[in-house]
Amino acid sequence: MQTNLKVIGDTKKSFVTGNEAVTWAALAAGAEMMFGYPITPQNEVMHYWTRLAPKYGRGFLQTEDEISAGFTVCGAVQAGTKAFTATAGPGNVLMQEPFGMAEAMRLPLFAVIQQRGGPSSGTVIYSQQEVTLTTYGGNGEGHRIVYSTATHQEIYDYTIKGFNVAWKYRFPTFLLGDGYQAKMREPLEMYDPQERGIEIVPTYPLIGLDGHIGENREPQHLCNIYSLEEELYEVVMRFAEEYESISPELVEYREEQCDDADIIILSHGVVSRAADDAVKALRAQGIKAGSFRPITLRPFPQAQLREAIAKSGAKKILIAESAYGQLDRLTKQEIYGETIKIENLFKPGVGIIDYDIVSKVKSIL
Amino acid sequence: MITPAVPKSWYLPSKPHKFCPGCGHGIVLKALGETIDELEIQDNTIFGCDIGCSLLSWDFFACDSTQTHHGRTTPVMVGIKRARPELITIGYMGDGGGYSIGSQHLLNAAVRNEKVTLILVNNTNYGMTGGQMAPTTLPGQKTETTPYGRDPELTGYPTRGPEFLAELTPDSAYIARATVSKYKQLKRFLRNALRNQIEGNGFSFVEVLSTCPTNWRTNAQQTWRFLEDEMEPYFPVGELKSPFGKGGDK
Amino acid sequence: MFIYAITERVVEAYVGEYASGKSEMAINRALELSAQGRRVTLVDLDTVEPFYTLRPLKEFLEGLGLNLISFSSGDAFGLGETGAMLNPRARWSLYNEGDIILDIGYGVHGAQALNLVEGASESKELQIIAVINSTRPMTNSPERIVEYLQELGRVDAIVANTHLGDETTFEIIMEGNEDIIAVAKQLNIPVAYIAVEERLAAQAAESNKDIPIKSIKRYMPSAMW
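Residue numbers (the numbering used here), protein chains in the order written: chain A, 1 to 365; chain B, 1 to 250; chain C, 1 to 225.
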């Protein structure tokens, strides 16, 4: 497939929605195939992909359901094709089965999740309620890489990075957005990664290799099931070790004014924008607030968060999320042993603005 | 010493294979191996297997192979074929994987006329999980989940897969039902199903009636009798749809 | 600019690429006419987007005196997954008295969405106005604008609505609209006006005397959250 075409050409700022940012970034990253099934709020990823893909020699298949979308991606990446999907909510639930297979077979699967309200059909609009599902869904150990974005620029940058990371490390990789980010319109600088010196990690087939079997190569036998407990144990332990060894180079986070903070506001994704604004507002009122934001939810920047707690001497952390404690649980398991008091602002399925955070901080300090 | 003739495309380190004595899988896989050899497609064939007894074929061939989840072999093969149309994709599954848990994939792959070849082995029960009722279990047939015999009033009638797939597919599809009791015909149908993919015509599907003495609790004679006298009348053998026409497949 | 006799009613349909500013232009136009003491009905014909439409602004706009044909949040219950739904009142909206401003949602069918409105194809009053923002990737070069307009179907006039949200500058507006104006000339479609947000409108009017500058307010960002 022809994928070396420059997609973006001249870098200039564009006014786009988050879903469009995904599509353009996937094109620019050289994605060759998308498999998808309609679900709001990710539909425009498919709409724009299907409009643009033929112009750049890329492929698309609308599958019969999300299970199939996930498994067709699993098949395509095994064949050495840069493929991806996008989904949300109940679709993310169905895709946990193929995502699990990608974990087990170490397939370079990349998926975009635009969180919607839950449980069940919930709302089509927005939430941060797919954190647990995306990080630890499936019947495995959560050997996945999950980027939680906050801006369209990040959606663009981390979509490109997500493909690269998936193909470099071969752990399934996710871009975790949400319905607000999907539909919001924002200026964004699109670029061809090569122009920025970003190397595109090459793809390669796991099956369908060149050569003649029995003459100059062996047949490939890929599997995800084992006869004995010990066989599986060895595989999972090897994955765990590998995952842990690459985690330090994968971990990403942002912190704002934590050095002298009395309170650290911990949030991820689009809520971190409100947290940063809240820090400014609180500082203007003489309250020493800082914010800490994991960009990678898996692996989690636990050492960095512990360090922020230690250096600031903060007395409290406020965890703000549009879910009822999913980031909270994730954080607590990651910083087990810290004695700092943890407060929360949980608004499941509802947006959080700076005012909400400022009010909450004032009520607990 | 007599060396048994085995297809070149068989993977010898995994032999002898793990299927039960009297199981029909070995016959299907031998016919498939010989067909792969005759068509000279070993190097660019991707063999994908489902969960269930079909799983035991995961390292059966000296072809690039991938094992999937229960019912999901169809979409994995579709993904591979869409990504690399030059590869020959063979999905191998049982009646539970194809007609029950993976039925939506099978049906939609057929409707889209996906250029993959799917082989579904029908032995009227879930073998690997211990002999439960399958979509193909015959009326009155005892299984672990129909201890008093399958009652169509409660659980419906057996699925006739090729019949419904023939309704869903265009003329460029190949749809057939074979049986392990007619080896030459089985090979001919498998050959046509692969040829149809190689020529880029469309969807190809062969259901193969097979035997499961272990779960049927039958001796050799009873096994063969069940296949020929019980199954074959209910599941008529033959080509339901062929772009090659009558006699055009020789 | 279109000039209408006081007795003649205004019937305008705003079409265009996703996120091109259709709703914004429709709201501004409706409020402009309303401020002249005219009776104005604003019709939400966005059948695709379940929530990023006029709906969240319904009460606000009604408070400003517009007659709004749009689902309310309450009506939207259960719309969820499909989102694509046509309000029966929108189908018959041309039968309302007074000016009618139609906000047409995006989609591959372009201006064909007007087939959903009774009487639209025979209407002699109807003007179909394409809103174009040249910072939108699908319309960010003359070639793409031409391609886009040709896909759209019938277009009677163009609104040049180049902007970059909060990062809009005078230069972005003026340079970005050059392509749009050139294409309009090439395709022989009049440019109704250049839309410029309030803070930059005077500066824009100063520098461009050929095409009317319309000062607009951006209401849609508040429709989000």
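Virtual Cβ for every residue (Gly too), placed ideally from N, Cα, C. Since the model is a prediction, treat every value here as computed from it, not as a measurement.
Euclidean distance between Cα positions of residue i and residue j
| i | j | result |
| --- | --- | --- |
| H25/B | S68/A | 26 Å |
| V16/A | H221/A | 44 Å |
| E114/B | V196/C | 51 Å |
| D157/A | D192/A | 11 Å |
| V131/C | E20/A | 19 Å |
| Y148/B | M133/B | 11 Å |
| V11/C | L45/C | 14 Å |
| V208/B | G59/A | 34 Å |
| F226/B | Y92/B | 23 Å |
| I73/B | Q153/A | For the record, residue 73/B in the displayed sequence is Thr; it is not Ile. Those two C-alpha atoms are separated by around 37 Å. |
| S141/C | A182/C | 11 Å |
| Y37/A | G127/B | 33 Å |
| V230/A | R84/B | One point to set straight first is that residue 230/A is Glu, not Val, in the sequence displayed. Rounded to whole angstroms, E230/A to R84/B spans 35 Å at the Cα level. |
| G80/C | S120/A | Because G80/C sits at a pLDDT of 46, beneath the cut-off of 50, its placement in the model cannot be relied upon, and the following sentence gives the value as read from the coordinates. Between G80/C and S120/A, the C-alpha separation is close to 12 Å. |
Among the options, the one whose alpha carbon lies nearest that of residue i
| i | options | result |
| --- | --- | --- |
| L154/B | T145/B, R160/B and G161/B | T145/B |
| G33/B | L12/B, T214/B and Y99/B | L12/B |
| P172/A | V124/A, C74/A and S291/A | C74/A |
| Q185/B | T214/B, G238/B and P152/B | G238/B |
| T124/B | Y157/B, E163/B, A83/B and G48/B | Y157/B |
| G18/A | E64/A, A86/A and I155/A | I155/A |
| G117/A | V93/A, M101/A, G137/A and T11/A | V93/A |
| D210/A | S100/B, I41/B and Y234/B | I41/B |
| R144/C | A184/C, V191/C and L64/C | A184/C |
| I269/A | S363/A, A182/A, Y233/A and K280/A | The residue you asked about is not Ile; residue 269/A is Gly in the sequence shown. Of S363/A, A182/A, Y233/A and K280/A, the residue nearest in Cα terms is A182/A. |
| A142/A | M237/A, G290/A, M46/A and I352/A | The residue asked about is misnamed: residue 142/A is Gly in this sequence, not Ala. Comparing Cα positions, the closest option is M237/A. |
| L175/A | I145/A, R185/A and P187/A | I145/A |
| C223/A | L61/A, A102/A and T63/A | A102/A |
| S9/B | F47/B, G202/B, V121/B and K18/B | F47/B |
| N192/B | D43/B, E38/B and T68/B | E38/B |
Residue i, DSSP secondary structure in three states
| i | result |
| --- | --- |
| W10/B | strand |
| G15/B | One point to set straight first is that residue 15/B is Lys, not Gly, in the sequence displayed. K15/B: coil per DSSP, three-state reduction. |
| I340/A | coil |
| N123/B | coil |
| L79/C | Reliability fails at L79/C, whose pLDDT of 46 lies under 50, so the model's placement of it is uncertain and the value that follows must be treated cautiously. Three-state DSSP puts L79/C in coil, outside helix and strand. |
| Y158/A | helix |
| Q285/A | coil |
| E147/C | helix |
| S172/B | coil |
| I100/C | strand |
| I145/A | strand |
| V76/B | helix |
| N92/A | helix |
| V241/B | One detail in the question is off: residue 241/B reads as Lys in this sequence, not Val. DSSP places K241/B in strand when its eight states are reduced to three. |
| E232/B | helix |
| M25/C | helix |
| T135/C | coil |
| A314/A | coil |
| K360/A | helix |
| N215/B | helix |
| V251/A | coil |
| G110/C | helix |
Closer than 8 Å at the beta carbon, the chain A residues around residue i
| i | result |
| --- | --- |
| C63/B | I213 and P219 |
| H163/C | F15 |
Interface residues of chain B facing residue i [CB-CB closer than 7 Å]
| i | result |
| --- | --- |
| I207/A | I46, D64 and T66 |
| N224/A | Q67 |
| S267/A | Those do not exist, as S267/A stays about 36 Å from chain B at its closest Cβ, beyond 7 Å. |
Neighbouring residues, chain C, relative to residue i (Cβ below 8 Å)
| i | result |
| --- | --- |
| V16/A | A19, R136 and P137 |
Chain-ordered neighbours of residue i on chain B, where CB pairs are closer than 9 Å
| i | result |
| --- | --- |
| G30/A | Correct list: empty, because the minimum Cβ distance to chain B is about 14 Å. |
Chain-ordered neighbours of residue i on chain A, where CB pairs are closer than 7 Å
| i | result |
| --- | --- |
| V78/B | T72 and G75 |
| Q42/B | I213 |
| Q104/B | E64 and D65 |
| N177/C | In chain order: nothing, as chain A lies at least about 14 Å away. |
Beta-carbon neighbours of residue i, restricted to chain C and to distances below 7 Å
| i | result |
| --- | --- |
| R185/A | A19 and G165 |
Next on the checklist: Quick test of the definition: if touching needs 3 or more C-beta pairs under 8 Å, does the segment 107-120 of chain A touch the segment 81-88 of chain A?
Outcome noted: yes
Checklist entry - Are there three or more Cβ pairs, one per stretch, closer than 8 Å when the segment 102-117 of chain C is compared with the segment 159-175 of chain C? => result Contact between the segment 102-117 of chain C and the segment 159-175 of chain C is absent: fewer than three C-beta pairs spanning the two stretches fall below 8 Å.
Checklist entry - Does the count of Cβ pairs from the segment 199-207 of chain B and the segment 170-185 of chain B closer than 8 Å reach three? => result yes
Checklist entry - Quick one: any contact between the segment 119-129 of chain A and the segment 312-332 of chain A, if contact means 3 or more CB pairs under 8 Å? => result yes
Item to check | Given 8 Å, three or more beta-carbon pairs between the segment 174-188 of chain C and the segment 147-161 of chain C | outcome: yes
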